[in-house]
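Once you know that position 117 of the sequence shown is 117 in this note's numbering, the rest is easy, because the numbers rise by one and skip nothing.
Positions of the beta carbon are idealized from the N, C-alpha and C atoms, including for glycine.
Just below is one structure, and these are the notes that go with it.
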Amino acid sequence: MPIVGAGCDESREPAHAADRRRWQAGPVHRLLLLRHAKSSWADPGVRDHDRPLNDRGRAAAPLVGGYLRAHDLVPDRVLCSSARRTCETLARLDLPDSVDIEVEHDLYLAYAETVLDLVRETDDAVTTLMVVGHNPTTHDVALGLAGGGDPDALARLGQKYPTGALAVLGIPGAWRELAEGTATLDRFVTPRELA
Numbered sequence: 001m002p003i004v005g006a007g008c009d010e011s012r013e014p015a016h017a018a019d020r021r022r023w024q025a026g027p028v029h030r031l032l033l034l035r036h037a038k039s040s041w042a043d044p045g046v047r048d049h050d051r052p053l054n055d056r057g058r059a060a061a062p063l064v065g066g067y068l069r070a071h072d073l074v075p076d077r078v079l080c081s082s083a084r085r086t087c088e089t090l091a092r093l094d095l096p097d098s099v100d101i102e103v104e105h106d107l108y109l110a111y112a113e114t115v116l117d118l119v120r121e122t123d124d125a126v127t128t129l130m131v132v133g134h135n136p137t138t139h140d141v142a143l144g145l146a147g148g149g150d151p152d153a154l155a156r157l158g159q160k161y162p163t164g165a166l167a168v169l170g171i172p173g174a175w176r177e178l179a180e181g182t183a184t185l186d187r188f189v190t191p192r193e194l195a
């Protein structure tokens, strides 16, 4: 029933209806959150920033790269922590040369808000953005952003975020509008599932 004479424009839909339509239309952007693959603790004299991948990590990263290619999830842009283990993980994904890669020192030992600030600075022409980082931050970012999604993926994400795990989040609007609970968790994949 239209409201007449109350200063309302009955031709405009309520804001929540527009939000619902935007969610139903599917994500505008995709955010891929990748925790580095398993790293080595063999040399206690190596600084944390310089720890390499171990054999298991070197085997796991190409599996994740294959998954990205097989499921049309190859990112347009990657933000990667400057730590050796994240850079080695990224290299072993074997992404195409066309992917824009930025090694970002601020991602090493970053808090979740730092990661979100970097993501929000992304140009909207970037459809799929990947962040290669560390725990607990990667887990915190994924949990904070996921306002819904695949029930099984949400349940597994709530338990833990293993090394080499990948969360794929649908983002309904502009990168700069990214906020807590605004994304949908489409999938959560671990190297163990891909082996």
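Residue i vs residue j beta-carbon contact at 8 Å
i, j, result
"residue 61", "residue 86", "no"
"residue 63", "residue 162", "no"
"residue 79", "residue 46", "no"
"residue 81", "residue 134", "yes"
"residue 92", "residue 66", "no"
"residue 106", "residue 118", "yes"
"residue 177", "residue 145", "no"
Where residue i sits in the DSSP three-state scheme
i, result
"residue 74", "coil"
"residue 107", "helix"
"residue 127", "coil"
"residue 164", "coil"
"residue 183", "strand"
"residue 170", "strand"
"residue 68", "helix"
"residue 63", "helix"
"residue 57", "helix"
"residue 94", "coil"
"residue 47", "coil"
Endpoints, alpha helix (DSSP H) assigned at residue i
i, result
"residue 193", "191-194"
"residue 158", "151-159"
"residue 144", "137-145"
"residue 120", "112-120"
In DSSP terms, what residue i is bridged to
i, result
"residue 81", "104"
"residue 148", "184"
"residue 39", "53"
"residue 133", "35"
Residue interval of the beta strand (DSSP E) (run including residue i)
i, result
"residue 29", "29-35"
**Message:** Quick test of the definition: if touching needs 3 or more C-beta pairs under 8 Å, does the segment 131-138 touch the segment 181-194?
**Reply:** no
**Item:** the segment 147-160 in contact with the segment 103-120 per 3-pair CB rule at 8 Å
**Value:** no
**Message:** When you compare the segment 29-42 with the segment 163-174, are there three or more beta-carbon pairs, one atom per stretch, that lie closer than 8 Å?
**Reply:** yes
**Asked** Is there contact here, the segment 64-73 with the segment 119-126, by at least three beta-carbon pairs under 8 Å?
**Response** no
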